[in-house]
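J.:
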Amino acid sequence: MSEIIDNYSFDTAAKQAAARQFFGKVYGFMFFALIVSGAIAYQYGTTEFFLKYFITPTPQGGKLSILYYVVIFSPIGIALLFQTMINRLSFPLLFGLFSIYSILIGFAISSIFLRYSMGSIVTTFGVTAGTFGVMAIMGYVTKADLTKMGSILYMAFIGIFIASIVNFFLDSSGLGYLISILGVIVFTGLTAYHMQQLKKFAHDSEMSADDKNKMALLGGFTLYVLFINLFLSLLRLFGGRD
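The numbering of the sequence shown is full-length UniProt numbering, which starts it at 1 and goes up by one.
1. Can you grab the Cα-Cα spacing for the pair VAL71 / ALA13, in whole Å?
2. Are the beta-carbon atoms belonging to ILE105 and SER37 less than 9 Å from one another?
3. May I have the straight-line CA-CA distance separating SER172 from GLY189, to the nearest angstrom?
4. Quick test of the definition: if touching needs 3 or more C-beta pairs under 8 Å, does the stretch 77-85 touch the stretch 196-205?
5. Any contact between the stretch 132-142 and the stretch 177-191? By contact I mean 3 or more CB pairs, one from each, below 8 Å.
6. Quick one: measure Cβ to Cβ for HIS194 and LEU223, integer angstroms, because I've assumed they're closer than 8 Å.
7. The alpha helix (DSSP H) with LYS143 in it runs from where to where?
8. Assign ILE86 to one of three DSSP states: helix, strand, or coil.
9. Taking only the alpha-carbon atoms, compute the straight-line gap between SER110 and PHE221 and give it to the nearest angstrom.
10. Would DSSP call THR58 helix, strand or coil?
11. Measuring CB to CB, does ALA33 end up less than 9 Å from SER102?
12. Are the beta-carbon atoms belonging to ALA163 and ILE179 less than 9 Å from one another?
13. Roughly how many angstroms separate the alpha carbons of ASP6 and PHE98, rounded to a whole number?
14. Please report the distance separating the alpha-carbon of residue 243 from that of LEU217.
15. What separation, rounded to the nearest whole angstrom, lies between the Cα atoms of LYS25 and ASN213?
16. Tell me, please, which residues DSSP counts as bridged to TYR177.
17. Here's the rule: buried if 16 or more other CB atoms are within 10 angstroms of the residue's CB, otherwise exposed. What is MET118?
18. Looking at the unbroken alpha helix (DSSP H) that takes in THR222, where does it start and where does it end?
19. By the three-class DSSP mapping on this structure, what secondary structure does GLN21 have?
20. By how many angstroms is the C-alpha of THR46 removed from the C-alpha of ALA209?
21. State the beta-bridge partners of TYR116 as determined by DSSP.
22. Can you tell which of PHE54, TYR68, GLU206 has its C-alpha closest to the C-alpha of ALA18?
Below, the structure written as structure tokens:
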């Protein structure tokens, strides 16, 4: 009997250690992308780079350049490629796509330093981190099945995504405000949902090491995207402008 208990305890400890290692990788990838995007956004958003390369002078003042459109829309293609080819591409290639994605996002969001005060950006980032952390913990510890909620939120996410593209060209403040409110709800909910899904992967002992590394990368990618979108939604709602 004692041998059975010892084996059970050893197996449980091994699974917990594997789960901690998995989540260590997930958050490692997420923080890597946040650092890359944040550094690039700050570097090029606080200099004349944005105005020089992303704005085309016109008699009326200026308009967004073709390069900026490439920068903000190309991540969509990379994200689709990353998620649809995750089982076919090698881990180094997937990590390369992930890195390129975070670099492009850094350039894309660099305009926040032209639109909002530094204090607002820092404060909103802190609020985002706190909110994200709470929802991540809730998603990890809850016993409720969040699958149905996740499906509903994903449909809402698609709606927000389409509406955001439309409003990019319409530039409606009212629609933008509504999108931001819905975005906060959807992105916080999806954070909890994805943490629950990642918990299942973390405790899957039958998954190969390579597949688990890929899932950790996908998890880091997903949480990074949710964090960035939650941050931008909160910034649009509460950010103070220069």
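Positions of the beta carbon are idealized from the N, C-alpha and C atoms, including for glycine.
All values reported here derive from a predicted model rather than from experimental measurement.
T.: On the basis of the supplied data:
1. Counting from one through the sequence shown, the residue named residue 71 turns up at place 71. Counting from one through the sequence shown, the residue named residue 13 turns up at place 13. Each residue's alpha carbon lies about 46 Å from the other.
2. On the sequence shown, residue 105 is found 105 positions in, with the first residue counted as 1. On the sequence shown, residue 37 is found 37 positions in, with the first residue counted as 1. Taking 9 Å as the cut-off, the beta carbon of ILE105 is found closer than this to the beta carbon of SER37.
3. Numbered from 1 along the sequence shown, position 172 holds the residue referred to as residue 172. Numbered from 1 along the sequence shown, position 189 holds the residue referred to as residue 189. So the two alpha carbons sit approximately 26 Å from each other.
4. no
5. yes
6. If you number the sequence shown from 1, residue 194 lands on position 194. If you number the sequence shown from 1, residue 223 lands on position 223. That belief holds up - the Cβ atoms of HIS194 and LEU223 are roughly 7 Å apart, short of 8 Å.
7. The count along the sequence shown starts at 1 and reaches residue 143 at position 143. Neither: LYS143 is in no alpha helix (DSSP H) and is coded neither H nor E.
8. By 1-based counting over the sequence shown, the position of residue 86 is 86. In the structure shown, ILE86 adopts coil according to DSSP, grouped into three states.
9. Numbered from 1 along the sequence shown, position 110 holds the residue referred to as residue 110. Numbered from 1 along the sequence shown, position 221 holds the residue referred to as residue 221. Straight across, the Cα-Cα distance linking SER110 with PHE221 is about 20 Å.
10. Residue 58 sits at position 58 when you count from the first residue of the sequence shown. Note: THR58 maps to coil in three-state DSSP.
11. Along the sequence shown, read from residue 1 onward, the residue named residue 33 stands at position 33. Along the sequence shown, read from residue 1 onward, the residue named residue 102 stands at position 102. In this structure, SER102 lies closer than 9 Å to ALA33 by Cβ.
12. Walking along the sequence shown from the start, residue 163 turns up at place 163. Walking along the sequence shown from the start, residue 179 turns up at place 179. With contacts defined as CB atoms closer than 9 Å, ALA163 and ILE179 qualify as a contacting pair.
13. Translated into positions along the sequence shown, residue 6 becomes position 6. Translated into positions along the sequence shown, residue 98 becomes position 98. Only weak support exists for where ASP6 lies, its pLDDT of 48 falling under 50; the value from the coordinates is given anyway. Roughly 42 Å between the two C-alpha positions.
14. Coverage of the chain is limited to positions 1 through 242, which leaves residue 243 absent and any answer about it impossible.
15. Walking along the sequence shown from the start, residue 25 turns up at place 25. Walking along the sequence shown from the start, residue 213 turns up at place 213. Using only the alpha carbons, I get a separation of about 8 Å.
16. Locating residue 177 in the sequence shown gives position 177, where the first residue counts as 1. Bridge partners of TYR177: none, in fact.
17. For the purposes of this step, residue 118 is taken as the residue at position 118 of the sequence shown. Looking at its Cβ environment, which holds fewer than 16 other Cβ atoms inside 10 Å, MET118 is exposed.
18. Your numbering for residue 222 matches position 222 in the sequence shown. For THR222, the enclosing alpha helix (DSSP H) stretches over residues 209-238.
19. Translated into positions along the sequence shown, residue 21 becomes position 21. GLN21 falls in the helix class under three-state DSSP.
20. Working through the sequence shown from its first residue, we reach residue 209 at position 209. Working through the sequence shown from its first residue, we reach residue 46 at position 46. The straight-line gap from Cα to Cα measures roughly 42 Å.
21. Within the sequence shown, the letter at position 116 stands for residue 116. Note: TYR116 sits in a beta bridge opposite ARG241.
22. As a first step, residue 18 must be located in the sequence shown, where it is residue number 18. Nearest of PHE54, TYR68, GLU206 to ALA18, Cα basis: GLU206.
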